[in-house]
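Residue numbers (our numbering), protein chains in the order written: chain A, 17 to 308; chain B, 1012 to 1354; chain C, 381 to 616.
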Ligand SMILES: Nc1ncnc2c1ncn2[C@@H]1O[C@H](COP(=O)(O)OP(=O)(O)OP(=O)(O)O)[C@@H](O)[C@H]1O
Ligand SMILES: [Mg+2]
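Now the structure itself:
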């Protein structure tokens, strides 16, 4: 029973962390057909900015989190303006933006490395202590992560389903030409999506670093996981991505418990490869639906 | 057809080959020759990846994984079975072809971005399995050795025999081996790009409907290119192992994948000579920037992003555009016939 | 009073020039038709007008205001409404949400409820299907949503690309009845149609597109009474 609770806690936490960064990726792919390989860099950026805001500037935690999200959304916006917009509609967009964002991610990580050094650091934005649930300790940090993630998911879902912006985003993802014929300024929509996704990545980066510490390349594995979640859900499927994130988080927690931490990622990847061979369009089929 | 592009490219390849043949006679510097040997290796890897990525349009990121398979297979065949290195290298290249076909069967049914992520994941799985394996398979004098060498990898699995043959000048032997390997790989590229496979892919790109109607099966052709190019990729990995005498998990490194991707992108994706131009340029720049090496990563990132954004066709593409401006364009695809839209 | 003026319009895909310098004028309140065989560039003309395809040369003016190479959203805001070939609905949205997307721009959005009512009056079938997902609609229903979505936008001129494509004769008649009713109510309409005979007795003015150029312009009556035009451009 305690083991189950333990697994549940770590699985839900992992899932929450993954969900926050994955929905951003799914939104970007859904609207632009773009795999944002700079996501890893954005995760690290968020983590480091939050730490820096608290350590060097002495800002309170909520303000630090907001600063990190602002930095993330600025970086996301820059990626659109500098890389995606010049090649929009051009030949081989998918390949070129993939390579360009790899380059941008690499630059971002190197700059972080230059500014903050290669040694691992602790995330300052973190709650200490916890509460006992029976025999199991529920750290406040995990509860905070889960609560924040849930709040973010609800906000994003509400935005997508209820707001004018959300309808424009969904329309753009479903049919770019038709959206333009309705008067949707798709470039501004793209910019908004990249900024939103950058902010979500930064938030996810704070969560990740609060559990495993800060490193300039801390985003690499989480980014691969986020992409895997997108792939399993079907690229561009936002609600599927959120659901899959929690499923993968739980699965990872179980695998970690049974086989040990060092094999968790490899086994997860093998499972995903198997899933893809079984269902090439992802578990949730090929309908690209941007909606939560 | 005196000025056919095939003939032109083969002539260029042979002239370059002859020039490079003479290099060891002009300079005896070990440093220059070993640097060039390493260039040959990466040029082969880049040119073969370019076939997959730029010609066949398969968005595979498994290139370094395949390279590593070639290297590991060579080391393991020599270490465990005691095969002579040249034999081990050839066998390893065939093993790489086998592995690539398995990956191809799993991936090629998927759409572009899925292929990229899946191949990336496959490479990562291989890396994690090698590194995290700590169970001893044998225990030589140097200590515990896992089946795939673990985090330390393999060493002392023999050499190509040039030390006995040429003594202290053994690296000249490696230079020529690498040169011949590059020549073979480049001739293979020329054959693919100008041959029936290249034609089929150009057809698929310019007019998918028509090509499919003529029975061009995209996946079958892709599998052919993927498998055949894996032979040279594996051989390059095998030669890398033989040249350095060690094989470790760094062969999978993402940084190396990016470095080679940058070579292709700088030179020109899908062009015949782009990858070689890019490989030469990037290795030269990398060498020149050794003093400011902590800017290396930023430099590669900038080169990757900048080139893709500003010169989508790479340096080879700039030259192409230039000659096109003067009214000739050797590689121009045939103009599509008017009104081919089905009624 | 000419509402839409196109002069010297050229469009190319890659090296291929598809539209080779066409000029035409559409008057306020006119029912104009652009006809021509498959693949001769009718859709491309509409896409160039609404900004989806880039004009290589030429000018497009609405009410004398230049719109050439403006972004599609600006062109829609200026009042050019394009109901595209093949409907291009938003497949994952309900019929209602598709229609509401038509009134995306603020000016239309303020008037959304009234326009929705108007569309439901003109296309009563849609009222019953409001909550159905667009991807599950039949071809005829899709066409109605496509046209309804265009009506929601209002605008100065309504461009319909082959509204009869792929429909049964009976449904085609219904659709053209609707289009005629819209024309009678004073709307400016530009219809692209491959079947020139069908549109000739409805349209005020016909423009015949042949290989990317306007080969003939005239009234529908003139078209019907000169069989040689038909034989030359559409017979083969
Ligand atoms: N995006 C595109 N890229 C390349 N060629 C295109 C593109 N769109 C259209 N074409 C070509 O331009 C020409 C004109 O096409 P268009 O769709 O305008 O014809 P159409 O008159 O509307 O035909 P239909 O009656 O079949 O709808 C065709 O030869 C078509 O193949
Ligand atoms: Mg058409």
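Cβ coordinates follow ideal geometry from the N, Cα and C atoms, glycine included.
- Residue C:483 holds the alpha-carbon nearest to the alpha-carbon of residue 527 of chain C among C:483, C:493, C:511.
- What residue 60 of chain A touches in chain C, judged by beta-carbon distance under 7 Å, is nothing: the nearest beta carbon there is about 34 Å away.
- Using a cutoff of 7 Å, the CB of residue 398 of chain C counts as near ligand 1, since one of the ligand's heavy atoms is closer than that.
- With the rule of 3 Cβ pairs closer than 8 Å, the region 25-34 of chain A counts as touching the region 264-280 of chain A.
- By the rule of a C-beta closer than 7 Å to any heavy atom of ligand 2, the residues picked out are C:422, C:423, C:465, C:541, C:542, C:572.
- Annotation: Cβ neighbours of residue 281 of chain A in chain B (cutoff 8 Å, chain order): 1135, 1139.
- Here the distance from the Cβ of residue 418 of chain C to the nearest heavy atom of ligand 1 is below 7 Å.
- The beta carbon of residue 142 of chain A sits no closer than 8 Å to any beta carbon of chain B.
- Inclusion of residue 393 of chain C in the 7 Å shell around ligand 1 follows from its C-beta lying nearer than that to a non-hydrogen atom of the ligand.
- As the crow flies, the alpha-carbon of residue 1137 of chain B is around 8 Å from that of residue 1076 of chain B.
- Contact check for residue 1189 of chain B against residue 1085 of chain B fails: the beta carbons are separated by 8 Å or more.
- For residue 187 of chain A, the chain C residues whose Cβ falls inside 7 Å of its Cβ are 470, 481, in order along the chain.
- Approximately 7 Å separates the beta-carbon atoms of residue 525 of chain C and residue 479 of chain C; this is inside 8 Å, confirming the contact.
- Closest option to residue 414 of chain C, judged by alpha-carbon separation, among C:511, C:481, C:449, C:593: C:593.
- A distance below 6 Å between beta-carbons, with the five flanking residues on each side excluded, links residue 1233 of chain B to the following residues of its chain, in chain order: 1067, 1069, 1119.
- For ligand 1, no non-hydrogen atom lies closer than 7 Å to the CB of residue 390 of chain C.
- A distance below 7 Å between beta-carbons, with the five flanking residues on each side excluded, links residue 385 of chain C to the following residues of its chain, in chain order: 405, 441.
- Membership of residue 478 of chain C in any beta strand (DSSP E) is not indicated; the residue belongs instead to the alpha helix (DSSP H) covering 475-482.
- Annotation: residue 463 of chain C to residue 538 of chain C spans about 8 Å, alpha carbon to alpha carbon.
- Of C:449, C:423, C:531, the smallest CA-CA separation from residue 573 of chain C is found for C:423.
- Taking non-hydrogen atoms of ligand 1 into account, the C-beta of residue 574 of chain C is found less than 7 Å away from one of them.
- Close CB contacts of residue 56 of chain A within its chain, under the 6 Å cut and outside five residues either way in sequence, are with 121, 235, 236, 239 (chain order).
- Pairing residue 136 of chain A with residue 230 of chain A, the inter-Cα distance amounts to about 5 Å.
- Within chain B, the C-beta atoms nearer than 8 Å to that of residue 116 of chain A come from 1315, 1316, 1319, 1320, in chain order.
- Around the beta carbon of residue 433 of chain C, 16 or more other beta carbons sit within 10 angstroms, so the residue counts as buried.
- Ranked by Cα distance from residue 1204 of chain B, the first of B:1052, B:1065, B:1143 is B:1065.
- Residue range 396-407 is occupied by the beta strand (DSSP E) that includes residue 401 of chain C.
- Residue 381 of chain C is classed as exposed because its beta carbon has fewer than 16 other beta carbons within 10 Å across all chains shown.
- For residue 1308 of chain B, the chain A residues whose Cβ falls inside 9 Å of its Cβ are 122, 123, 125, 126, 129, in order along the chain.
- Secondary structure of residue 155 of chain A (DSSP, three-state): strand.
- Note that the region 73-84 of chain A does not touch the region 245-259 of chain A; fewer than 3 beta-carbon pairs, one per stretch, sit closer than 8 Å.
- Counting along the chain, the unbroken alpha helix (DSSP H) around residue 1079 of chain B starts and ends at 1074-1087.
- Taking each of C:607, C:515, C:579 in turn and checking the Cα distance to residue 542 of chain C, the smallest one comes out for C:579.
- Listed along chain A are 193, 194, 197, each with a C-beta nearer than 8 Å to that of residue 464 of chain C.
- Annotation note: the region 461-530 of chain C contains the following uninterrupted alpha helix (DSSP H) runs of length 4 or greater, listed N- to C-terminal: 475-482, 486-490, 492-502, 504-508.
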